[in-house]
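Chains A and B are the protein sequences, given in the same order.
So the first sequence is numbered by my numbering: it starts at 650 and just counts up by one.
So the second sequence is numbered by my numbering: it starts at 19 and just counts up by one.
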Amino acid sequence: MEHSRREFIAKALYGVFALLGLGSLFAGLRVLAPSGKQDKELAWFPLADEEEVPRSGVKKAELVYAIAGKERKARVFIVSSPDRLTVLSAVCSHLGCLVNYRKESREFVCPCHGGKYDIAGKNIAGPPPIPLTAYPVEVRNGMVMVGVKV
Amino acid sequence: MKILEYLNDRLGFTGRHRRILDKPVPGWINYYYCFGGITFMLFVMLLMTGLLLSSYYIPSESDAYRSIQQLHREVPLGGLIRAAHHWAGNLMVVTIVLHMLRVFVTGSYKNPRELHWVAGSFLLVLTLSFGFTGYLLPWDQKAYWATVIGTNMVGSVPLAGSFLAGLVRGGAEVTGATLLRFYSMHILWLPLSTGIFLWLHFHMIRRTGISGGM
């Protein structure tokens, strides 16, 4: 009966390999399938009264928003000129320190490694690899509203 | 299964399959002789998980770190696949050392198998190069500074040092060019070379058979 035992073991092994193969295939397909989480929806949160925003200049503000019912806060700069209103995140794109605004040079400067951004948030000196994040902005009923991906 | 018979007639895969997979091994063999095979299994696992990871990883200065965080956050089983790749890579070095110890202790590297050892040595260097280039890819502080130190060591080679360091870094310093270069080595140059040496290694061991032990 030596022969049939050998055949049984061979078949059992093939069965184990087939299961392992199917499992890996399933896991691989799960990894490659688009998760759909990339297309996040924008939710709008009030940042400030339009009256409080200077006609031209930079104002520090704190954006309070909520993701899945959890309240979160973000430091932002409201940058306004007579024809444009932008809201920039104060988080440095290098390593996440909070940048400060220098009125004299009209630049944002990071205290950690000296990264500099111009008034539009573009990285102009130091280690930051990309500009400051600009939030989508809308003015509705006299309120400055900021869009956050949740 | 007519289609299988037809394909077998044209490709002859059952013969080859028998020859490659159903090879009997000597009865006196023991588990110390399994480390080479385990190493190869780990290599296959690294290949599979690496294929999946390469579908999400972005080898650029500004996106590399972010793309890995995104893999963890948004891809189902993404963290698992990355962890499997990480640990299989680490384990592979361990099993190679155990395999080499077995070959050394049993004297299996001797005539007529000396080239098996030579090809294996190339595979060891290739595996360590996989480790070195893969270590930079997460593009975090640890990865960056490890590569700065590693490439500085290349730079300390007499005479050709600065040329070699420039060749490895793709510039005078570790930058996005280095990252792209390491990525290219990690997913193209090294796997191709490893494939060639693996074929040599396996081809030769099948020709001579495994050694008679002590």
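Just so you know, even glycine gets a beta-carbon here, dropped at the ideal spot from N, CA and C.
Proximity of Gly96/B to chain A, defined by a Cβ-Cβ separation below 8 Å, is satisfied. According to DSSP, Val740/A shares a beta bridge with Leu747/A.
Counting along the chain, the unbroken beta strand (DSSP E) around Ser730/A starts and ends at 719–730.
In this structure, the beta-carbon distance from Ser705/A to Ser738/A does not fall below 8 Å. Burial is judged here by how many other beta carbons sit within 10 angstroms of a residue's own beta carbon; Asn170/B has fewer than 16 and is exposed. At a cut-off of 8 Å between beta-carbon atoms, Leu681/A makes contact with chain B. By the Cβ neighbour-count rule, Tyr714/A is buried, with 16 or more other Cβ atoms within 10 Å of its own. Note that the C-beta distance between Ala697/A and Ala710/A is below 8 Å.
Annotation: Ser229/B to Pro42/B spans about 14 Å, alpha carbon to alpha carbon. Taking all protein chains shown into account, Pro77/B has 16 or more neighbouring C-beta atoms within 10 Å of its C-beta and is therefore buried. With a contact defined as Cβ atoms closer than 8 Å, Thr165/B and Thr124/B miss out at about 38 Å. Scanning its chain for C-beta atoms nearer than 6 Å, with the 5 sequence neighbours on each side dropped, one finds around Val192/B the residues Thr165, Val166, in chain order. According to the DSSP secondary-structure assignment, Ala783/A is paired through a beta bridge with Leu737/A. For Leu70/B, the neighbours in chain A by C-beta distance under 9 Å run, in chain order, Ala676, Gly677, Val680, Leu681.
By the CB criterion at 8 Å, Val680/A and Leu70/B fall inside the cutoff.
The contact set of Met203/B on chain A, defined by CB atoms closer than 9 Å, is empty, because the minimum CB distance reaches about 23 Å. A Cβ of chain A is located within less than 8 Å of the beta carbon of Met66/B. Taking a beta-carbon distance threshold of 8 Å, Glu79/B counts as an interface residue toward chain A. Annotated three-state conformation of Lys798/A is strand, per DSSP. Assignment of Asp27/B by DSSP, reduced to helix, strand and coil, places it in the helix class.
Selection Thr226/B, Pro176/B, Glu92/B, Phe148/B evaluated against Gly213/B yields Phe148/B as nearest (Cα-Cα). Not a single CB atom of chain A sits nearer than 8 Å to the CB of Val43/B.
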